[in-house]
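Everything below concerns the one structure shown next.
Number of protein chains: 4
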Amino acid sequence: MTQMRATVFHGKDQIRVEEIERPHAGVGQAVIRVTLTTICGTDLHILRGEYPVQPGLVIGHEPVGVIDELGEGVTGYKVGDRVLVGAITPCGQCRACLSGHLSQCGHGEGYEALGGWRFGNTINGAQAEYLLVPYAQANLAKIPDELTDEQVVLLADIASTGFSGAESAQIKIGDAVVVFAQGPIGLCATAGAKLMGAALIIGVDGDDERLRMSRQMGADVVLDYRACDVISEVKKLTRDGADVTIEALGTQQTFESALRCLRPGGTLSSLGVYSGKLQMPYDAFSAGLGDHRIVTTLCPGGKERMRRLMEIVRRGRVDLTPLLTHTFPLDEIVEAYQLFGERRDGVLKVAIKP
Amino acid sequence: MTQMRATVFHGKDQIRVEEIERPHAGVGQAVIRVTLTTICGTDLHILRGEYPVQPGLVIGHEPVGVIDELGEGVTGYKVGDRVLVGAITPCGQCRACLSGHLSQCGHGEGYEALGGWRFGNTINGAQAEYLLVPYAQANLAKIPDELTDEQVVLLADIASTGFSGAESAQIKIGDAVVVFAQGPIGLCATAGAKLMGAALIIGVDGDDERLRMSRQMGADVVLDYRACDVISEVKKLTRDGADVTIEALGTQQTFESALRCLRPGGTLSSLGVYSGKLQMPYDAFSAGLGDHRIVTTLCPGGKERMRRLMEIVRRGRVDLTPLLTHTFPLDEIVEAYQLFGERRDGVLKVAIKP
Amino acid sequence: MTQMRATVFHGKDQIRVEEIERPHAGVGQAVIRVTLTTICGTDLHILRGEYPVQPGLVIGHEPVGVIDELGEGVTGYKVGDRVLVGAITPCGQCRACLSGHLSQCGHGEGYEALGGWRFGNTINGAQAEYLLVPYAQANLAKIPDELTDEQVVLLADIASTGFSGAESAQIKIGDAVVVFAQGPIGLCATAGAKLMGAALIIGVDGDDERLRMSRQMGADVVLDYRACDVISEVKKLTRDGADVTIEALGTQQTFESALRCLRPGGTLSSLGVYSGKLQMPYDAFSAGLGDHRIVTTLCPGGKERMRRLMEIVRRGRVDLTPLLTHTFPLDEIVEAYQLFGERRDGVLKVAIKP
Amino acid sequence: MTQMRATVFHGKDQIRVEEIERPHAGVGQAVIRVTLTTICGTDLHILRGEYPVQPGLVIGHEPVGVIDELGEGVTGYKVGDRVLVGAITPCGQCRACLSGHLSQCGHGEGYEALGGWRFGNTINGAQAEYLLVPYAQANLAKIPDELTDEQVVLLADIASTGFSGAESAQIKIGDAVVVFAQGPIGLCATAGAKLMGAALIIGVDGDDERLRMSRQMGADVVLDYRACDVISEVKKLTRDGADVTIEALGTQQTFESALRCLRPGGTLSSLGVYSGKLQMPYDAFSAGLGDHRIVTTLCPGGKERMRRLMEIVRRGRVDLTPLLTHTFPLDEIVEAYQLFGERRDGVLKVAIKP
């Protein structure tokens, strides 16, 4: 068998499941047979032509699978091992990786912006029957037997990203944290803030179902921006402003609100993908004198990150399965994209089974 | 004697040296007889009406002096001690101070934006014969005998601020650093980058004299923005972009260039005072996915900060006296403001002697 | 009324509740009427002559009360306010405090080892009807109305100390943590590790009741050192060794085990009070080449720390009331010391009501 | 040509330069022709049987050379490139490396204590004509044309180690630092403390020549332990004790002094290799309550570390060539070991030219 079915991007608004050639593992690589994957908001941006990707590419970047083939130089694994692979696949050996910036991986050399994100961006991705994993030694994370595919698939991207919003902000025990937008990433940021010991977590959104899920993932208070003035509510709840605000959408509105809610010396942790010019109102920014920090984070990857996140799930610290609201076979992925894109039917995340 | 001479702000473009009442030390306070002070760029903003201050206030925030009176509850000092007092005078006992955010001091309670900056902002300042020091226990730093007033006066604000640009960026041994604008603050940021072990320091300005001084304070390479494309030069010198860029002016142009020069995962440390909406071009910002950090810092203060900076000078690590280009008596301070404001005569900083 | 009842230390094995003079508030001080306090393991060390304290001193350092008198210069409080005061009462204005080392407070000047711990150590303490609070502005933390005295009294010392064991170790999401000894401090360290996002928490003790409570406070696995080889069990559970180990007893045995359980590059966070020479076996220490860190922490104090911990309780993150196993009136405190000292009756902490 | 000359360890006190088989580069590896190397104190420990190494091994771990052969999968290099390789050669792809603990590299899997140190420890080393470099992609650092072999050879180990003593201690601008022992590592720690902005650096040794060199490398004050009481001198110079002390020898005496010189809240950064039980006197350690940190560091490696250190040399921040006091051809290395081991003739480091 040398063919496989895969979700191929053919330009704006055009994806199709097709037969294409199965990959083979070169030096330092592996091929996995994908057993579960999902669709990310970023995939929607690609489909809508908002994020440029080469036509002909297989998309998707959240793979769970079984090792099917191991290239030369990969040790400690065997065909048949169940593995989780992060959305970000660092080489571990470039200037960026050796400096701890795995997401900005320079593929053996220096830094490359977003260079760690390759699946469904610069190489074929996970919405397929088989997936070629680059730098396999650094990226294959064995799944403990007691965890199901469904329990770990969301760790590849959204949990890793969402938690990193809390981590990059260096949340401390007792902090007051506001998370703007409670989509999948924002919900995981909420869970991350709880994991790190925030005392007060405020979830902000304008969708009843997402506000309900926000509470379930750890928010103490939820604010519906359709019904209240979020900034003045946060000030009431925190007096001096929040210690940390997390932006999980990528708009001027949420970014600006996240800045206006901060106390002096506070940290705005940004996870959103922005387009256009982003403005920092100088008053919200204390004219640059408020000792504020603005930190941005791309999803952390690599097998150690995945191992840690699986431990979190294994020990019952977080359960992400409630976010997996729907399941589709790979051959019906186009319908899954429609449902997900239109946010129909209370969808949060869609499981795709090849 | 109950009167003293002081520089009083009377509204836009109006300052005068006048006789006003001498202050007296209440509980926890001290009065110092000022022996040396200087004019800051911020004082110019006040004079020009760009930063709002109550008419009737004595301005200036960089005092060296001798203790003249000690209020109740201040211990370990005696009248006659020579002291340096930082521009920022934290209380040490509010939520902000106890959290280490001394510059955002809430005066015994919570946080207040810029609350640590009181001299010449919310209480009478240093361009006078006598100065009331609040929270004296936390703010009087004894000057070692071997240091002159001239050697320490610039530590109160510009050195503390400039160095903090390097410190907040967490410069590491071997970093490549670009400092935008080589006025007094930028020159001190350059010196700070050198102090912290940067390997390559690039000073950027458009004034020959300041570029010359930039080399003297530690720049390895200087770039004249009138004569070259700064961003492409930095890319050539660093390949991946700078590890750290420091903004020391407060304009859209310098901020944006500082962002464009950064490598992925790099830190922009902002010291400038901005007005208007500041824009972050989403491309320079990697659409929010470049693992960038933007940190802003207000001048650190308190007696321990001043003690540390005096140690740096005492041990010969930095010599700031070349920046003190002119000297005026207090009664001629209006002329000093003119010279300083017009950047005449190669002026960098002006010493004022009451 | 100028007298009050207080627990006075009169030398080894001698404490008595006596009438002594009521304190009055000087400049910057406050007097509180104590409504609840407790006995700490350190008080037992004092009583047994193992920690030197001046005879005649009132002991105890965990006060909840109501403001009775406010000295000059203390603002933002009023008589009648309910307050929690930490065991550590930093001045906020010395070199140590201004550097963030509040527990090593130098009382207005430099550093003093353990200088922040004054109650029942160098000044009269909390096991009394009234308590003089030094540096009141920095140390009076108002108690939210919805919290009872019982909910907050353990925050003054054991929760602040126990959590700090996790904080100083810089526990990260997904860490494996072992806590040696599950007395009150160790149980709070266990809770702290959970608060900070550890994935696997292993509690070690040799007392069934404490092991049971260890699970209640957050341990995933408990190890009874009477029944297993702790080090090899930890290695089995973690493969490479623990990321962090916390020592909460102060013996050679627990310290050494904590070192032997660490993975290379791991952190040993020490909370115990040691006596005699402590030995680091060079093999466990990788001969000094294992990139290990050993950090020690004295209870963090100050009103902001207390505020943060009260927020943690208020939002239901942690409930410490199960640790308060017994209650005594102040006049029966000698019996309470006996029960506590002999660990009778499953005692963990004793509430004392003046 | 399939043979080469190499320094082979044959058991305690037995090394010989012999003809052995030349290595060849497998997948991910490289072979370099060594152009300059040196002898490390650790090599002496090996020779004296104090550190166990397999007889038959080629020793040495500080190589400068020219790429002679590149294995499959190594990109961005070509035969003939001049390279520096660190003493520590991390894989970049194991749990330890992906967590930033490159020196405790687990070779593709978990953690291994000291696992990053392979040359002359677990695989053949650098005192030979040719050297096989594992994980070449992560470890070959190109040498800028303007730097000579002599300028960079000491970066592979002693500068990287010495600087890391300052880095792990997180030295801040204005710190007072004491470095115990001024051998090659201690001298580099002194230089590192200066690079990071320490205000006062005190070098301690008992050898006139090393004390002289200590001043040259950045010490402001040197203390001869033969002639003064080091601890009381440090207390006089710093009042509260040093902010940071660095131990660069590995004895009970220096470790204990380093602990006794610290201020409360200070950091002891340990670089020495210890044998036997190391004791922490509980008084010096404030009984575990002084908020002290003890950090140990093994030489950082990898190509990015080497690149950064070469930048430091290239920009003139540090010049280590004065430490290279003698030069020998490879065939006379046994004599070089004698001179170095006996510390004859003012020797600090010996250059070995194959």
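Residue numbers (my numbering), protein chains in the order written: chain P, 1 to 354; chain X, 1 to 354; chain U, 1 to 354; chain Z, 1 to 354.
We put the CB at the ideal spot given by N, CA and C, even for glycine.
Bear in mind the structure is a predicted one, so any value in this text is a computation, not a measurement.
- Take E62(X), set aside five residues on each side of it, and the residues of its chain with a beta-carbon closer than 7 Å to its own are T37, T38, C40, A87, A126, V153, A156, D157, in chain order.
- By the criterion of at least three beta-carbon pairs nearer than 8 Å, the region 4-16 of chain P is in contact with the region 41-56 of chain P.
- As computed with DSSP, K353(U) is found in a beta bridge with P329(U).
- Less than 8 Å separates the beta-carbon of L98(Z) from that of G92(P).
- Taking all protein chains shown into account, T75(U) has fewer than 16 neighbouring C-beta atoms within 10 Å of its C-beta and is therefore exposed.
- The beta carbons of H292(P) and T245(X) sit about 17 Å from each other, so the pair does not count as a contact at 8 Å.
- Here R33(X) is not near Y111(X), since their CB atoms are 8 Å or more apart.
- Looking from the CA of L114(X), the closest CA among T122(X), S257(X), I123(X), Q104(X) belongs to Q104(X).
- Our two residues, I171(U) and G250(U), have alpha carbons roughly 21 Å apart in a direct line.
- For L187(U), the closest alpha carbon among the candidates A166(U), R315(U), L84(U) is that of A166(U).
- If you ignore the 5 residues before and after S275(X), its C-beta comes within less than 8 Å of the C-beta of E50, G250, all in its own chain and listed in chain order.
- For G174(U), the residues of chain P that pass the 7 Å Cβ criterion are R308, L309, E311, I312, in the order they occur in the chain.
- With respect to the 8 Å criterion, Q151(Z) and T2(Z) are not classified as neighbours on the basis of their beta carbons.
- Residues of the same chain with a CB within less than 8 Å of the CB of R215(U), apart from the 5 flanking positions on each side, are G203, V222 in chain order.
- Of S257(X), G241(X), V85(X), A242(X), the smallest CA-CA separation from A248(X) is found for S257(X).
- A distance below 8 Å separates the beta carbons of L84(Z) and M310(Z).
- Residue contact with chain X for K277(P): present (Cβ-Cβ distance below 8 Å to some residue of chain X).
- The beta carbons of A25(Z) and L147(Z) sit no closer together than 8 Å.
- The beta carbon of D220(Z) is closer than 6 Å to those of L200, I201 in its chain, skipping five residues each way along the sequence.
- D208(P) is classed as exposed because its beta carbon has fewer than 16 other beta carbons within 10 Å across all chains shown.
- By the beta-carbon neighbour count (other beta carbons within 10 angstroms, threshold 16), D345(U) is exposed.
- Only G241, G250 from the region 241-259 of chain U bring a Cβ to less than 8 Å from some Cβ of chain Z.
- Under DSSP, D224(Z) takes part in a beta bridge, and its partners are D205(Z).
- Taking the CA atoms as reference points, T327(X) sits about 48 Å from P184(Z).
- The criterion of a C-beta distance shorter than 8 Å is satisfied by G174(U) and I312(P).
- Sequence-ordered contacts of the region 198-229 of chain X with chain Z read A199, L200, D220 [C-beta pairs closer than 7 Å].
- The alpha-carbon of D243(X) is positioned some 38 Å away from that of Y282(U).
- Look at Y111(Z): its C-beta is under 8 Å from a C-beta on chain U.
- At a Cβ-Cβ threshold of 8 Å, I15(X) and V273(X) do not count as neighbours.
- Counted as a single uninterrupted DSSP element, the beta strand (DSSP E) harbouring S269(U) occupies residues 262-270.
- For H101(Z), the nearest CB of chain U lies under 8 Å from its own CB, placing it at the interface with that chain.
- The alpha-carbon of R315(Z) is positioned some 41 Å away from that of I46(X).
- Taking 8 Å as the cut-off, the Cβ atoms of T161(P) and L271(P) count as close.
- Proximity of D291(X) to chain P, defined by a Cβ-Cβ separation below 8 Å, is satisfied.
- Only buried fits C94(X), as 16 or more other CB atoms lie within 10 angstroms of its CB.
- In the structure shown, M280(Z) falls within a strand segment according to DSSP collapsed to helix, strand and coil.
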